[in-house]
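Here is the structure we will look at, set down as structure tokens.
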Ligand code: RTP
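Numbering (full-length UniProt numbering), first residue to last: 76 to 230.
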């Protein structure tokens with residue numbers, strides 16, 4: 076299969092505290108599972124202010140940064156690592172535009188959210204950041220490398 080010759084990337088997907096509070100965890104995981112990507116890490120986690128600030132360090136100068144940190148630390152998040160060919164841009168497409176009102180119907184934010192400041196899910200924006208963020212949110216022993224039975228068809 077051609078796909079088996081292509082590079083497998085990883086991405087960090089996170090259900091934000093509003094997604095957990097609204098009971099959307101299963102629905103969000105399901106979108107990535109059904110697409111055919113491979114789940115390699117999953118945990119419910121209350122993150123510290125320090126970790127949230129490190130994760131969003133590129134946005135430190137933005138006026139909304141303090142509010143963003145309060146939001147992300149306001150309750151537990153669901154941390155996920157997903158793997159696959161083209162997983163980073165594909166996950167961003169499944170998630171939809173940052174402003175949920177601009178996100179297409181059929182995307183997670185387009186279907187399930189309204190406000191930019193409450194947009195229920197995060198996805199890494201490049202393969203480099205995918206690696207960085209998975210390493211930031213997970214300890215090595217928390218990740219699982221496994222071979223799906225249907226590997227020749229989906230990966
Ligand atoms: P994410 O990292 O969460 O997937 O979001 P993104 O790339 O689509 O958007 P980015 O510009 O990196 O912003 C990160 C998160 O900050 C919050 N935000 N609030 N004007 C605002 O109040 C504002 N702008 C951005 C959102 O939660 C956004 O997802």
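For each residue, glycine too, the CB sits at the ideal point set by N, CA and C. Because the structure is a prediction, the values reported are computed rather than measured.
Distance between residue 132 and residue 181 (C-alpha atoms, nearest Å): 30 angstroms
Buried/exposed call for residue 86, threshold 16 Cβ in 10 Å: buried
Distance, residue 122 Cα to residue 147 Cα: 8 angstroms
Start-to-end residues for the alpha helix (DSSP H) that takes in residue 108: 100-110
Candidates 89, 84 and 190: closest to residue 213 by CA position: 89
DSSP three-state assignment for residue 156, whether helix, strand or coil: strand
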